[in-house]
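Q: With the numbering used here applied, the sequence shown closes on residue 1704, and no number is skipped along the way. Think of the CB as a built atom: it goes at the ideal place given N, C-alpha and C, for glycine as much as any other residue.
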Amino acid sequence: MITSRRQFIQSAGLAAGWAMLPGLALAGKSDDGFINLIARPGEMPLLGDGKTATRIWGYEGKSPGPQIRVRQGEEVKVRLINKLPQPTTMHWHGVRIVNGMDGVPELTQKAVPPGGRFDYVFRAPDAGTFWYHTHNRTWEQMARGLYGTLIVEEKDKPAFDQDLTLVVDDWRLTEEGQIHEKSLGALHEWAHGGRSGRWITVNGAHRPQIAIRQGSRVRLRLVNVCNASIYALKLEGLKAHLIALDGQPVAPRDVSDEPMLFSPAQRIDLALETIADHQGKASLRSLRRDGSDELAGFVIEPSSPGATTRPGLVRLPENPLSKTISMPDALKVDVKMEGGAMGGMRSAIYKGRKLGIDELIQNKHLWALAGVTGLPEKPLFSAKRGQSVVLNLINATAWPHPMHIHGFHFRALERNGKTLATAPWRDTELIMPRETVSLGFVADNPGKWLLHCHTLEHTAAGMITWFEVAA
Ligand SMILES: [Cu+2]
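#1: Spell out a yes or no on whether the region 1294–1302 and the region 1374–1389 are touching, meaning 3 or more CB-CB pairs, one atom from each, closer than 8 Å.
#2: Are at least three pairs of beta-carbons, each pair with one atom in the region 1383–1394 and one in the region 1352–1367, less than 8 Å apart?
#3: Just the C-alpha distance for THR1557 and GLN1499, rounded to the nearest angstrom, thanks.
#4: If we call anything under 8 Å between Cβ atoms a contact, is ALA1616 one with VAL1623?
#5: Using alpha carbons as the reference points, say which of PRO1535, GLU1527, MET1253 lies closest to GLY1513.
#6: Assuming MET1334 contacts TYR1365 under a Cβ cut-off of 8 Å, what Cβ separation, rounded to an integer in Å, is found between them?
#7: Please classify ARG1518 as buried or exposed, where buried requires at least 16 other C-beta atoms within 10 Å of its C-beta.
#8: If you compare alpha carbons, which of GLY1480, LEU1505, PRO1497 is closest to ASP1487?
#9: Going by other Cβ atoms of all chains shown within 10 Å of its Cβ, with 16 needed for buried, is GLU1662 buried or exposed?
#10: Would you call ALA1484 buried or exposed, if buried means 16 or more other Cβ atoms sit within 10 Å of its Cβ?
#11: DSSP three-state call for TRP1632: helix, strand or coil?
#12: Would a check of beta-carbon distances place ASN1269 closer than 8 Å to chain C?
#13: Among SER1462, PHE1393, GLU1373, VAL1451, which residue has its Cα nearest to the Cα of GLU1414?
#14: Which same chain residues end up closer than 6 Å to PRO1274 when comparing Cβ atoms and leaving out the 5 residues on each side of it in sequence?
#15: Please confirm if the region 1637–1651 is in contact with the region 1665–1685, defined as three or more CB-CB distances below 8 Å between the two stretches.
#16: Buried or exposed for PRO1441, please, with buried defined as at least 16 other CB atoms from any protein chain shown within 10 angstroms of its CB.
#17: Any chance the CB of THR1688 is under 7 Å from a heavy atom of ligand 1?
#18: Can you give the Cα-Cα distance for VAL1675 and ASN1628, rounded to whole angstroms?
#19: Taking the alpha-carbon positions, what's the ALA1574 to ALA1631 distance?
#20: For the region 1558–1616, which segments carrying the beta strand (DSSP E) assignment without a break, of at least 3 residues, lie completely within its bounds, in sequence order?
#21: For LEU1453, which residues from the same chain have a beta carbon less than 6 Å from its beta carbon, with the 5 sequence-adjacent residues on both sides left out?
#22: Give me the residue from ASP1660, GLU1293, SER1496 with the minimum Cα distance to PRO1482.
#23: Hey, would you say the C-beta of TRP1404 is under 7 Å away from at least one heavy atom of ligand 1?
#24: Taking 8 Å as the cut-off, does the region 1688–1700 touch the region 1414–1428 (at least 3 CB pairs, one atom from each stretch)?
#25: For MET1665, is the beta carbon positioned less than 7 Å from some heavy atom of ligand 1?
#26: How long is the line joining the alpha carbons of PRO1346 and ILE1697, rounded to whole angstroms?
#27: Which residue marks the beginning of the alpha helix (DSSP H) containing HIS1366, and which one marks its end?
#28: As an exercise, report each continuous beta strand (DSSP E) stretch of at least 3 residues that is fully enclosed by the region 1338–1401, in chain order.
#29: So what does DSSP say about LYS1681, is it helix, strand or coil?
#30: For ALA1272, which of helix, strand or coil comes out of DSSP?
#31: For ALA1438, which of helix, strand or coil comes out of DSSP?
#32: Considering just the uninterrupted stretch of the alpha helix (DSSP H) at THR1321, what are its terminal residues?
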């Protein structure tokens, strides 16, 4: 029997390399009210303290970058200062943002050149877990570490004892612990499931251990910032209720015994409770076919004297989304997803010209949406402001794709012909091979918006398009 924390640590074989969860540094404001974020090279102890540090690119030289916390409806003012050797931008993932601040090169702004800067000023209409990341050469810049979290706090703070953000990334490193640069841009991975890595970190540390108190209520905000890795997550030794997905609240549901799919760009918010008699160790795990891996551990400490267990569930307040999708006058658009290995794509339009598969491969354009590869000159469709839109996404490939729409949250209305009555509001939906999913939303946000796969190698190899909402 394990009776002490020390024994527990020894028995779990954690004595060496036992890392606490690195807190995410909070972004600070300068005198003019701006949060300055310098995108620059830096070093992170990804392998652990005392080991060789990994040279990364990060906001303020850190990966993840500083956490930005604002109140719902508050103005966010961030000055991006580019000290990278490449142009870059910032995208505010999941924020129903004013179009000019969406951070998409060629569509909403010019990429910020090395030495340049750009002021992002916007209001965050929804409370929840969001994140920011580069939107230029994402397959390289995000693999090097350019991302951070944006937490928009509810106007009335829900009653949690701890509020933890866990940013999950996977790194492909050389034997020397440096970014494996040779595999950046590798054709094989662009045509398959994207580039993933074996060294998994949570807030920049491998298998960190998180202290929580018996009887306390913890909000866990999980953010998948991987280029391509899809996880099936499970909690062990803790009770978990799902409370939000992609920043939007859901009716709380017990997911303690349920694997949770977690694709690139998605967020999962959980309310954790300790189990009465469970002492010592709990964990967040990623399931494999033949077992599971610990992503982070929880060390459950005795409650402080006199503390009582908080009763009841926390239900998050709803966000001000337009939720009424009007089917009779909805704009319905079919989007066939094609390409990749074992996909059988023969041709696609590239820069207005039809190319055969050999030419597409030469140009590293391997995926297509609605017959077009790469960002088209003309929008996929134009909607009137306030019009309902139903996108029928037909995955004709052999791969899963986390499909992301900028500027909106949508709801899955149908999956493989089956009507879904209560699918959650999301900004990134995982569409499995050969699946057809219809996504509905109200086009109430004017501008030019992307629809793309968030497997970043697929984006780069053509799985990206855009649509317009009239002002
Ligand atoms: Cu994809």
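A: The short version:
#1: Result yes; three or more Cβ-Cβ pairs closer than 8 Å.
#2: yes
#3: In the sequence shown, the residue the question calls residue 1557 occupies position 324. In the sequence shown, the residue the question calls residue 1499 occupies position 266. Taking the straight line joining both Cα atoms gives about 23 Å.
#4: Here residue 1616 refers to the residue found at position 383 when the sequence shown is read from its first residue. Here residue 1623 refers to the residue found at position 390 when the sequence shown is read from its first residue. Going by C-beta atoms, ALA1616 is not nearer than 8 Å to VAL1623.
#5: For the purposes of this step, residue 1513 is taken as the residue at position 280 of the sequence shown. Checking every option, the nearest Cα to that of GLY1513 belongs to PRO1535.
#6: Stepping through the sequence shown from its first residue, residue 1334 is reached at position 101. Stepping through the sequence shown from its first residue, residue 1365 is reached at position 132. At roughly 11 Å, the Cβ-Cβ gap does not stay under 8 Å, so MET1334 and TYR1365 are not in contact.
#7: One-based indexing of the sequence shown puts residue 1518 at position 285. Under this definition ARG1518 is a buried residue.
#8: Along the sequence shown, one-based indexing puts residue 1487 at 254. Measuring from the Cα of ASP1487, the nearest candidate turns out to be LEU1505.
#9: Within the sequence shown, the letter at position 429 stands for residue 1662. The residue in question, GLU1662, is buried, as its Cβ has 16 or more Cβ neighbours within 10 Å.
#10: Position 251 of the sequence shown, counting from 1, holds the residue named residue 1484. When all chains shown are included, ALA1484 counts as exposed.
#11: As a position in the sequence shown, residue 1632 is number 399, starting the count at 1. Note: TRP1632 maps to coil in three-state DSSP.
#12: Within the model displayed, chain C is absent; a lone protein chain is all it includes.
#13: If you number the sequence shown from 1, residue 1414 lands on position 181. It is GLU1373 whose Cα lies nearest to the Cα of GLU1414.
#14: Numbered from 1 along the sequence shown, position 41 holds the residue referred to as residue 1274. Same-chain partners within the cutoff: TRP1290.
#15: yes
#16: By one-based count along the sequence shown, residue 1441 stands at place 208. Burial call: buried.
#17: In the sequence shown, the residue the question calls residue 1688 occupies position 455. Answer for THR1688: yes, Cβ within range of ligand 1.
#18: Along the sequence shown, one-based indexing puts residue 1675 at 442. Along the sequence shown, one-based indexing puts residue 1628 at 395. C-alpha separation (whole angstroms): 23 Å.
#19: The residue given as residue 1574 occupies position 341 in the sequence shown. The residue given as residue 1631 occupies position 398 in the sequence shown. Near 7 Å, if we compare the C-alpha coordinates of ALA1631 and ALA1574.
#20: 1564–1572, 1580–1583, 1586–1589, 1600–1602
#21: Counting from one through the sequence shown, the residue named residue 1453 turns up at place 220. Taken in chain order, the residues that qualify are LEU1397, LEU1503, LEU1505.
#22: Looking up residue 1482 in the sequence shown gives position 249. Nearest C-alpha to PRO1482: ASP1660.
#23: Locating residue 1404 in the sequence shown gives position 171, where the first residue counts as 1. Not so, every heavy atom of ligand 1 lies at least 7 Å from the Cβ.
#24: yes
#25: In the sequence shown, counting from the first residue as 1, residue 1665 sits at position 432. Outside the cutoff, so no.
#26: To locate residue 1346, count along the sequence shown from 1; it is residue 113. To locate residue 1697, count along the sequence shown from 1; it is residue 464. Using only the alpha carbons, I get a separation of about 23 Å.
#27: Residue mapping note: residue 1366 aligns to position 133 of the sequence shown, counting from 1. From DSSP, HIS1366 is part of no alpha helix (DSSP H) but of the beta strand (DSSP E) over 1361–1366.
#28: 1350–1356, 1361–1366, 1380–1386
#29: The residue given as residue 1681 occupies position 448 in the sequence shown. Reduced to three states, the DSSP call for LYS1681 is strand.
#30: Within the sequence shown, residue 1272 is the residue found at index 39, counting from 1. ALA1272: strand per DSSP, three-state reduction.
#31: Along the sequence shown, one-based indexing puts residue 1438 at 205. Under the three-state reduction of DSSP, ALA1438 is assigned to strand.
#32: One-based indexing of the sequence shown puts residue 1321 at position 88. Counting along the chain, THR1321 sits inside no alpha helix (DSSP H), nor does DSSP assign it H or E at all.
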